[in-house]
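Following my numbering from start to finish, the sequence shown increments by one per residue and tops out at 1578. Don't be surprised by glycine CBs; every beta carbon is placed ideally from N, CA and C. From a predicted model like this one, the values you see are computed outputs, not experimental measurements. These notes concern the structure reproduced below.
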Amino acid sequence: MSTDDQYINIERLRNPIDWKDLDKEPEVRKNIKIRRAKELGVVAVLFDDKQVSERISELAFLERNLRNGVIDETVYATILRGGVPFAAPFFGHMASLRPNMNPIVDYVQASRYGESQQGSGLKVYRKLGPKTDIAGKTLMLVDDVTDEGLTLEELLKIALDDNECHILGDSVTGPAKDVGAIVLGDKQIGKYEGFNQGMVLQGFWLPNAWAGGVGLDGPNEFMRWMPELVLTAVQHEKYRESMPEILDKLGERAVMGMDEITWIS
C-alpha cells in the first residue's frame, strides 16, 4: 500500500460509523439483528458484536498510528465504570499491534453533581493511582460514550490547570501537556471544547437516546456488559419527543414501538 493509500485509509477509519447508515447493511445482517433484538428484549440492535469488535480494533490501529508506535509520554485514563468494557479489548488490540507498545493505563471515576450543573463542579470519586503522573504528558481519556461531553471537558480543565491538576491524583506534580479522548460511542451533542481535536477518536455515532452494551448501561447497570450496542427498552422521558424519528429511521430494525417502550423520569 502506498503512502497516499495509507493516508486515505487512516482518514476513512477516523470517520465514526453512523447508525443512520444502517439501511446500507446487507439484508442478512439486518435480519440477524432483528432476531437478536427480540431475544434481548430491546428496541433495536444498532451494532452487533462483530461490528463492535472490528471497530475497537480499528480505533486501536488509529491510536497506534497517531503515536507512531511510541507512547512513553502518554497516560491513558479510563473513566469508570462505563469505560472498562470498551477499554479492555481496546488496549489488548493496541498492545498486540506492537509487542513493546505497552500503554500506561489508569482509572478515574468522576461525575458532575447537582441537578442544575452545566459543567461546573466535578467530584472525583477515584483518583489516578499512586505512581501515575500526568505532568508534561499527553493525557488520553477513554470512555464508553459521550453525551454532552461535560464530564470529559471538566476533567480536561482540571488536567491542564496548574492549581487543580493534583485533584486527579496524589502523585500528579503538574498539568498535562495536552488532552485527547477515545470514545466508543458519540451522540454528536458534545463539542470537545479545549481538546486537541487531532487526538479525539470516536467509534460510532449513536442516536440521542439510552443505549446499552459495551460499557453503556441503562438503569441499575442494565446491559453494561453486553457485547452489542443496543437501543434499550427503557428510555428516559427526555427522549420521548425525538424517539419517533429514531424509530422511523431504524425501520424494521426497531422491534418495539413507542407504546412498548418503558418511559421513566
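Report yes if the CB atom of Asp1457 is closer than 9 Å to the CB atom of Phe1399, and no otherwise. Yes, Cβ-Cβ distance for Asp1457 and Phe1399 is below 9 Å.
Through-space distance from Val1365 to Asn1476, alpha-carbon basis: Approximately 39 Å between the Cα atoms of the pair.
For Ile1347 and Gly1482, I'd like the C-alpha separation in whole angstroms. Those two C-alpha atoms are separated by around 45 Å.
Where does Thr1391 land, buried or exposed, given buried means 16+ other C-beta within 10 angstroms? Burial state of Thr1391 is buried, judged by a 10 Å Cβ sphere holding 16 or more other Cβ atoms.
My output table needs one value for Ser1366: the three-state DSSP class, helix, strand or coil. Residue state, collapsed to three classes: helix.
The beta strand (DSSP E) with Val1388 in it runs from where to where? Unbroken beta strand (DSSP E) run through Val1388: 1387 to 1392.
For Ser1578 versus Glu1558, is the C-beta distance shorter than 9 Å? Annotated as distal: Ser1578 and Glu1558, with beta-carbon spacing of 9 Å or more.
For the structure I just gave you, are there three or more beta carbon pairs, one from the segment 1480 to 1494 and one from the segment 1535 to 1547, closer than 8 Å? Taking 8 Å as the limit for Cβ pairs, the verdict is that the segment 1535 to 1547 does not touch the segment 1480 to 1494.
If you run the structure through DSSP and keep just helix, strand and coil, what is Ser1484? Residue state, collapsed to three classes: coil.
Using a Cβ-Cβ cutoff of less than 8 Å, which residues in the same chain neighbour Met1556 once the five nearest sequence positions on both sides are dropped? Ala1522, Gln1548, Met1571, Ile1574, listed in sequence order.
By a C-beta neighbour count over all protein chains shown, 10 Å radius and 16 as the cutoff for buried, is Tyr1426 buried or exposed? Bear in mind that the predicted position of Tyr1426 carries a pLDDT of just 48, short of 50, making it too unreliable to give a figure here.
Beta-carbon proximity list for Ile1480, same chain, < 8 Å, skipping 5 on both sides: If we look at Ile1480 and ignore the five residues flanking it on each side, its Cβ neighbours are Val1437, Lys1440, Ile1471.
If you run the structure through DSSP and keep just helix, strand and coil, what is Gly1526? Strand.
Buried or exposed for Gly1449, please, with buried defined as at least 16 other CB atoms from any protein chain shown within 10 angstroms of its CB. By the neighbour-count rule (16 or more Cβ atoms within 10 Å), Gly1449 is not buried but exposed.
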